[in-house]
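Novice: Add 6 to a position in the sequence shown, counting from 1, and you land on the number used in my numbering. Heads up, the beta-carbon is just placed ideally off N, CA and C, and yes, glycines get one too. Before I ask anything, let me first share the structure, which is written out below as structure tokens.
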Amino acid sequence: ILVTSIGSGDSKDAIPAAVYDTLKSALVDKTKAENLLIKYYTNTDYTIVRPGGLISAPSTGKAILTEDKMASGAIHRSDVAKLVVDALYSKKLTKKIVTAIDPSLANAPATAYKPADV
Numbered sequence: 007i008l009v010t011s012i013g014s015g016d017s018k019d020a021i022p023a024a025v026y027d028t029l030k031s032a033l034v035d036k037t038k039a040e041n042l043l044i045k046y047y048t049n050t051d052y053t054i055v056r057p058g059g060l061i062s063a064p065s066t067g068k069a070i071l072t073e074d075k076m077a078s079g080a081i082h083r084s085d086v087a088k089l090v091v092d093a094l095y096s097k098k099l100t101k102k103i104v105t106a107i108d109p110s111l112a113n114a115p116a117t118a119y120k121p122a123d124v
């Protein structure tokens, strides 16, 4: 499991330009890490998890993984941890890139993002 961030790789357009500009240095480095993993570890089972904005508060238990590269929003750190463990044991997420967000914290309907098949 490689944990990067929304805004890395092909999810750059999922965040506002001003946010990207503020986080550009970190997001460029995270994109490089993703690209190295994809290019050089072709014989390795991996999953890339891109969490949204991190919140230090108790878990809501409503967070999801989605393959929607334009998904964005916030997520509690403890929910990210649970989803990373779920992804670690999921063969369905092998060699996939998923976004980790909590739709209940987003300004979008809870049905706006299709959960990944874990």
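What would DSSP say about residue 104, mapped onto helix, strand or coil?
Specialist: On the sequence shown, residue 104 is found 98 positions in, with the first residue counted as 1. Reduced to three states, the DSSP call for residue 104 is strand.
Novice: State the Cα-Cα distance for the pair residue 82 and residue 49, rounded to the nearest angstrom.
Specialist: Translated into the one-based positions of the sequence shown, residue 82 becomes position 76. Translated into the one-based positions of the sequence shown, residue 49 becomes position 43. Answer to the nearest angstrom: the Cα atoms are 32 Å apart.
Novice: Give a yes or no on whether the C-beta atoms belonging to residue 70 and residue 103 are separated by under 7 Å.
Specialist: Residue mapping note: residue 70 aligns to position 64 of the sequence shown, counting from 1. Residue mapping note: residue 103 aligns to position 97 of the sequence shown, counting from 1. No, Cβ-Cβ distance for residue 70 and residue 103 is not below 7 Å.
Novice: Determine which residues share a DSSP beta bridge with residue 54 and list them.
Specialist: Against the sequence shown, residue 54 aligns to sequence position 48. Paired residues: 8, 103.
Novice: Under 8 Å: do the region 75-89 and the region 39-49 share three or more Cβ pairs, one atom per stretch?
Specialist: No: fewer than three Cβ pairs fall under 8 Å.
Novice: Under the rule that 16 or more other beta-carbon atoms within 10 Å means buried, what is residue 121, buried or exposed?
Specialist: Locating residue 121 in the sequence shown gives position 115, where the first residue counts as 1. Flag for residue 121 reads exposed.
Novice: When you compare each of 12, 109, 8, 124 to residue 58 by their alpha carbons, which one comes out closest?
Specialist: Counting from one through the sequence shown, the residue named residue 58 turns up at place 52. Measuring from the Cα of residue 58, the nearest candidate turns out to be 12.
Novice: In terms of DSSP beta bridges, what is residue 59 paired with?
Specialist: Locating residue 59 in the sequence shown gives position 53, counting from the first residue. Note: residue 59 sits in a beta bridge opposite 80.
Novice: Determine the closest residue to residue 64 out of 72, 88, 74, 56, with distance taken between C-alpha atoms.
Specialist: Taking the sequence shown and counting its residues from 1, the one referred to as residue 64 is at position 58. Checked all of 72, 88, 74, 56; the closest Cα to residue 64 is 88.
Novice: Is the CB-CB distance between residue 163 and residue 17 below 7 Å?
Specialist: In the structure as shown, the chain begins at 7 and stops at 124. Residue 163 is therefore absent and cannot be evaluated.
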